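Asks: One structure, as structure tokens, below. Some questions next.
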Amino acid sequence: MAQDIAKIALITGSSRGLGRNTALALAQKGVDVIVTYRSNQAEAENVVSAIAGMGGKAVALQLDTSNTKTFDDFATQIKRSLKDIWQTEQFDFLVNNAGIGVYAPFAETTEEEFDRLMNIHVKGVFFLTQKLLPLIKDGGRIVNISSGLARFALPGYAAYGAMKGAIEVLTRYLAKELGQRQIAVNVVAPGAIETDFAEGAVRDNPEINNFIASQTALGRVGLPDDIGGAIASLLSEDNRWVNAQRIEVSGGMFI
């Protein structure tokens, strides 16, 4: 029966960090996952194995979200995987998570750094979502990942914060234009999290970690488990009426 068919989520950049945590959090709720990775297939396959261990289905596909020329081939791979593994033609949830961090003062940010951030965080999200729209079910959901840095300003993240600000505006436009298909689109904005993001600065630098904890209402730096579970919750049926919203998951950072 239809209600027994597992929902399927596609999460970009889900071989590690917040994407991996989100994949596992969704799998715990019975959602199957299409995992994408840029270069580390072994890490991605570990996520697939972990989901299989929970009784779910998953597949790992290579994707460089900075290269729009690969999106046609990626969409073909998605169609093939949906047919071969799930015997279906569409998936339910798209989580645009893949990203990188670049720390550079505004005056020192290079055009190369700017373009790399733009290609991954804005252009890639825009055109990958566009390419995958026919494969997303009516009534499905899209979650874009922003950052607390789109709300508050920390020196060194001008380019990154600006890109995430663009994603927040894009999210509202997507919600407006996809509403006729009953597709809800929201943005989740994590605060500082202990991962290998930006070379693990928040996780590995005690001075940075302690400063952020001192500026967070709940008194500590965020952990991946704080974010993956929040995204999984947002994609639950209980939150089907949440749409076009920016949801910051930062423990109350810089309030």
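In full-length UniProt numbering, the protein residues as written are 1 to 255.
Just so you know, even glycine gets a beta-carbon here, dropped at the ideal spot from N, CA and C.
Keep in mind the model is a prediction, meaning the values are calculated, not measured.
Do you know how far the Cα of Thr88 is from the Cα of Ala2?
Replies: Taking the sequence shown and counting its residues from 1, the one referred to as residue 2 is at position 2. Taking the sequence shown and counting its residues from 1, the one referred to as residue 88 is at position 88. Here the model assigns Ala2 a pLDDT of 42, short of 50, so the residue's position is not dependable, and the following value carries that caveat. About 12 Å.
Asks: For Tyr37, list the residues DSSP reports as bridge partners.
Replies: In the sequence shown, the residue the question calls residue 37 occupies position 37. DSSP lists Gln62 as partners of Tyr37.
Asks: Express the C-alpha separation of Gly13 and Gly99 in angstroms, rounding to a whole number.
Replies: Taking the first residue of the sequence shown as position 1, residue 99 is located at position 99. Taking the first residue of the sequence shown as position 1, residue 13 is located at position 13. Using only the alpha carbons, I get a separation of about 7 Å.
Asks: Looking only at C-alpha atoms, which of Ala9, Pro105, Ile136 sits nearest to Leu178?
Replies: For this step, residue 178 is matched to residue 178 along the sequence shown. The shortest C-alpha separation from Leu178 is found at Ile136.
Asks: From what residue to what residue does the beta strand (DSSP E) around Phe91 run?
Replies: Your numbering for residue 91 matches position 91 in the sequence shown. 91-96 is the span of the beta strand (DSSP E), which, as asked, contains Phe91.
Asks: Does Ser15 come out as helix, strand or coil in the three-state DSSP assignment?
Replies: Walking along the sequence shown from the start, residue 15 turns up at place 15. Reduced to three states, the DSSP call for Ser15 is coil.
Asks: In chain order, what residues of the same chain have a beta carbon less than 6 Å from the beta carbon of Ile142, not counting five sequence neighbours either side?
Replies: Residue numbering aside, residue 142 sits at position 142 when the sequence shown is read from its first letter. Leu94, Val185, listed in sequence order.
Asks: How many angstroms separate the CA atom of Asp64 from the CA atom of Ala9?
Replies: Reading the sequence shown from its first residue, position 64 is the one you call residue 64. Reading the sequence shown from its first residue, position 9 is the one you call residue 9. The alpha-carbon atoms of Asp64 and Ala9 are separated by roughly 18 Å.
Asks: Is Ser66 near Ile120, with beta carbons less than 9 Å apart?
Replies: Translated into the one-based positions of the sequence shown, residue 66 becomes position 66. Translated into the one-based positions of the sequence shown, residue 120 becomes position 120. Going by C-beta atoms, Ser66 is nearer than 9 Å to Ile120.
Asks: If you run the structure through DSSP and keep just helix, strand and coil, what is Ala2?
Replies: Along the sequence shown, one-based indexing puts residue 2 at 2. For Ala2, the predicted structure reports a pLDDT of 42, less than 50, and the residue's modelled location is therefore unreliable. The matter cannot be settled from this model.
Asks: Are there 16 or more other CB atoms within 10 angstroms of the CB of Glu248, so buried, or fewer, so exposed?
Replies: As a first step, residue 248 must be located in the sequence shown, where it is residue number 248. Buried, since its Cβ has 16 or more Cβ neighbours within 10 Å.
Asks: Where are the alpha helix (DSSP H) runs, 4 residues long or more, that stay fully inside the stretch 80-136, in chain order?
Replies: For the stretch 80-136, whole alpha helix (DSSP H) runs of length 4 or above, ordered along the chain, are 111-118, 124-132.
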